[in-house]
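Just so we're aligned, residue 1 is where the sequence shown starts under UniProt numbering, counting upward by one.
Notes to accompany the following structure.
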Amino acid sequence: MALGLRSLLRAREQGPFFYHYEGAQDGDGNIRARSGYSDRYELPLPHSVSVRQYSEDYDLTKLKNWYNRQVLFNYYDGNLFLRMHYLHLSKKRVVSDSFEYDLSSWLMHKKDTAPYSDANTWWAAIRREFILIFKPVFEGLKILHLREEYHGNLDSESCIKIICKNGNVTRGILTNMEEKVGSKSTLRERDAQHLREIIEKVITFPFIGTSESSEEVRELCLQQLGAYSCQTDLMIKWSLDPVLFWDTRRRIQFLEAVDWLYHRNVPQPSLVKSTHRYWTWDILCNDQVLVDVYFHEQQDRTVTPQKYSEKHNLIRFYRNCIHHADFGGNGQVNCPFEIHKLFLVHYDVFPPSIRTATDVLKFVASPKSSSSKSSKSSSSKSSSSKSSKASSSKSSSSKSSSSNSSPSFIEELRRSFAQQFIG
């Protein structure tokens, strides 16, 4: 029987907390076990858990602090951070949710079982599981950084655990967060750098020491992560939300936004070069204006506003800031030219997005042969695109007359996506 810090409160209602070992200890001191409350369940105990055994000379205060830090982050999101259950103080054991692998053992497993001959075939072999593992890892780190917290231990081999169901990888999960001395902003920057190093290790694992790696990961993940800055929440959200993890619908929305912003409103290069002051964004805008623009996709008060999801489209947000913000504080939208100039003040977040859009296009497969189904789908999508652009033109000061005479690259892209993914 094990009574730990968090079990004492529950023991009064559910009885003593029990766990029984099922397997041998691994190299990190983890043991698979079953857990439950003795007065409610018959053997075998119902819950699969992992028990981590610490050495006899391990500092008890350090263990308590470590455990409490894990529990704190469990409250943020129990699906993104390994859930802690009990701290068995007298035995120096921690009981947590069960997991199948840590990142290192998963890599060794894939290296031994996956078919590959070069970087491209290695990536093809691990791509599906890589996305399942790292998408929640990025989401978890984003939550920490937006709360002005940090992981502090992403250089550790055991910081990412992998959850499986019926032998199949379902998700990655962060754990083993450590408190460190130093500036929190510096520690968050270090987190981002360590995450980049982890990803580079994963995609080159069979070829360590060579320059071989996946072009898709470099251009749709590492490039975005490389733009990390904790100066603003927007930059944290952007850099920790790689396009690699976006679904088809979201990629289309992103490309439409870039098309509207960049290809229809091309700025003067000389103006761009002279106006790199993104960090002044929060000073230049009224807080309420930012709230209104961020949370409302439509500013027409007769239409129910559509809220952005947490994984919002940063570029679309900027587009709406230009279109709907009242920078003069007089209740009227300023001259589009002046608003556009203000947008260019924050242009240093924009070029990475343009490059990302270009890279997204590179990884769109060639259109399949036409079929009645795909034609119907693409026609519907094109109509939706035209309708959306018509709506945008109401608030725009001007629009190229030639855009109606020939399909834009976005309409061509819609057809490609429709044939490849929808048709």
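From the three backbone atoms N, C-alpha and C, an ideal C-beta is built for every residue, glycine too.
All figures in this text were calculated on a predicted structure; none of them were measured in a lab.
For residue i, the nearest candidate out of the options (CA to CA)
{"i": "Leu82", "options": "Leu89, Lys92, Glu189 and Phe99", "result": "Phe99"}
{"i": "Leu87", "options": "Ser50, Leu187 and Gly78", "result": "Ser50"}
{"i": "Leu107", "options": "His151, Arg127, Val95 and Leu146", "result": "Arg127"}
{"i": "Asp57", "options": "Arg93, Ser48, Val71 and Asn79", "result": "Arg93"}
{"i": "Val243", "options": "Glu139, Ile160 and Asn65", "result": "Glu139"}
{"i": "Met190", "options": "Lys135, Leu132, His145 and Ser48", "result": "Residue identity check: residue 190 is Arg in the sequence provided, not Met. Arg190 has its Cα closest to that of His145, out of Lys135, Leu132, His145 and Ser48."}
{"i": "Trp246", "options": "Leu220, Asp77, Ile208 and Ser229", "result": "Leu220"}
{"i": "Gln70", "options": "Lys91, Asp97, Ser48 and Asp59", "result": "Asp97"}
{"i": "Arg218", "options": "Lys180, Ser156, Ser183 and Ala119", "result": "Ala119"}
{"i": "Trp122", "options": "Gly78, Val202 and Ser239", "result": "Val202"}
{"i": "Leu89", "options": "Ile131, Ile208 and Ser55", "result": "Ser55"}
{"i": "residue 447", "options": "Lys180, Asn79, Arg188 and Ser117", "result": "Residue 447 falls outside the range modelled here, since the chain spans only 1 to 423, and no answer is possible."}
{"i": "Asp59", "options": "Ser48, Lys91 and Tyr76", "result": "Lys91"}
{"i": "Ile133", "options": "Ser156, Ser48, Asn79 and Asp155", "result": "Asn79"}
Span of the beta strand (DSSP E) around residue i
{"i": "Asp97", "result": "Arg93 to Asp97"}
{"i": "Val169", "result": "Asn168 to Leu174"}
{"i": "Ile160", "result": "Ile160 to Lys165"}
Counted within 10 angstroms of its Cβ, other Cβ atoms place residue i as buried (16 or more) or exposed
{"i": "Lys142", "result": "buried"}
{"i": "Arg147", "result": "exposed"}
{"i": "Asn30", "result": "buried"}
{"i": "Gly167", "result": "exposed"}
{"i": "Leu225", "result": "buried"}
{"i": "Leu240", "result": "buried"}
{"i": "Asp102", "result": "buried"}
{"i": "Glu215", "result": "exposed"}
{"i": "Val137", "result": "buried"}
{"i": "Lys161", "result": "buried"}
{"i": "Gly172", "result": "buried"}
{"i": "Phe295", "result": "Any reading at Phe295 is ruled out, since the residue's pLDDT is 46, under 50, leaving its predicted position unreliable."}
{"i": "Lys62", "result": "exposed"}
Spatial neighbours of residue i in its chain, beta-carbon cut-off 8 Å, leaving aside the 5 residues before and after
{"i": "Glu200", "result": "Ser213 and Leu222"}
{"i": "Tyr67", "result": "Leu5, Met84, Leu87 and Val94"}
{"i": "residue 445", "result": "Nothing about residue 445 can be read from this structure; the chain reaches only from 1 to 423."}
{"i": "Ile131", "result": "Leu244 and Phe245"}
{"i": "Asn65", "result": "Glu179"}
{"i": "Glu182", "result": "In the sequence on display, residue 182 carries Gly and not Glu. Cβ neighbours of Gly182 beyond the five flanking positions: none."}
Where the alpha helix (DSSP H) containing residue i begins and where it ends
{"i": "Arg83", "result": "Here Arg83 belongs to no alpha helix (DSSP H), and DSSP marks it neither H nor E."}
{"i": "Ile133", "result": "Ala119 to Leu146"}
{"i": "Lys201", "result": "Lys184 to Ile203"}
{"i": "Thr113", "result": "Leu103 to Thr113"}
{"i": "Trp66", "result": "Leu60 to Tyr76"}
{"i": "Lys237", "result": "Asp233 to Ser239"}
Contacts around residue i, its chain only, beta-carbon distance under 7 Å, and the 5 residues preceding and following it disregarded
{"i": "Asn74", "result": "Phe81, Arg83 and Met84"}
{"i": "Phe205", "result": "Leu107 and Lys111"}
{"i": "Cys164", "result": "Glu100 and Thr170"}
{"i": "Glu129", "result": "Val169"}
{"i": "Lys135", "result": "Phe245"}
{"i": "Lys180", "result": "Gly152 and Leu187"}
{"i": "Lys184", "result": "Glu148 and Tyr150"}
Below-8 Å beta-carbon distance, residue i vs any chain D residue
{"i": "Leu80", "result": "This model lacks chain D altogether; it includes just one protein chain."}
Residues near residue i by beta carbon distance below 6 Å, same chain, minus five either side
{"i": "Lys237", "result": "none"}
{"i": "Ser229", "result": "Met235"}
{"i": "Tyr76", "result": "Ile143"}
{"i": "Ser104", "result": "Glu157"}
{"i": "Ser48", "result": "Ser98"}
Using 8 Å as the threshold, is the segment 186 to 199 in touch with the segment 105 to 119, meaning 3 or more CB pairs across them?
no
Cβ contact (3+ pairs, closer than 8 Å) linking the segment 160 to 179 and the segment 137 to 151:
yes
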